[in-house]
Amino acid sequence: MDAEENRASGEEATTAKTATAATTQIPREGELAAILAAITQINGRLGNMDARLGAVESQLHTHPVKRERLATKVASTSVRNRFASLKKKKERVERIKEAIAKRRGRLETSGKDDAETE
Numbered sequence: 001m002d003a004e005e006n007r008a009s010g011e012e013a014t015t016a017k018t019a020t021a022a023t024t025q026i027p028r029e030g031e032l033a034a035i036l037a038a039i040t041q042i043n044g045r046l047g048n049m050d051a052r053l054g055a056v057e058s059q060l061h062t063h064p065v066k067r068e069r070l071a072t073k074v075a076s077t078s079v080r081n082r083f084a085s086l087k088k089k090k091e092r093v094e095r096i097k098e099a100i101a102k103r104r105g106r107l108e109t110s111g112k113d114d115a116e117t118e
């Protein structure tokens, strides 16, 4: 058991030394240039994101216009449907009028037939 504890404490000591060394390392001059280039690249990306966000925000103001266009299309569709409905009603009225005219014609012809038979 003592050997296992010594091995575990040795691993912890090695890990602690590595962590301390990583935090206390002084970057070299070439690494500083790489870090500066990375920061510049990140700033460029952030600038692009900001521009995209501005474009999206400007589109939010034109969104109600799109809704109005959609509402117009819906209204014109309902008007078209209304015209179709009126057309069907008109055709039905015409058929009823024709049926009434035929019946009147039959009545008139039957009335004429009655007059002729007398």
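With UniProt numbering, letter number 91 in the sequence shown gets 91, and the count goes up by one each step, no holes. We put the CB at the ideal spot given by N, CA and C, even for glycine.
Helix, strand or coil at residue i [DSSP, three-state]
| i | result |
| --- | --- |
| ARG28 | coil |
Other residues of its chain near residue i: CB distance less than 6 angstroms, five sequence neighbours each side excluded
| i | result |
| --- | --- |
| GLU31 | none |
Contact set for residue i: own chain, Cβ-Cβ below 8 angstroms, skip 5 residues either direction
| i | result |
| --- | --- |
| ARG104 | none |
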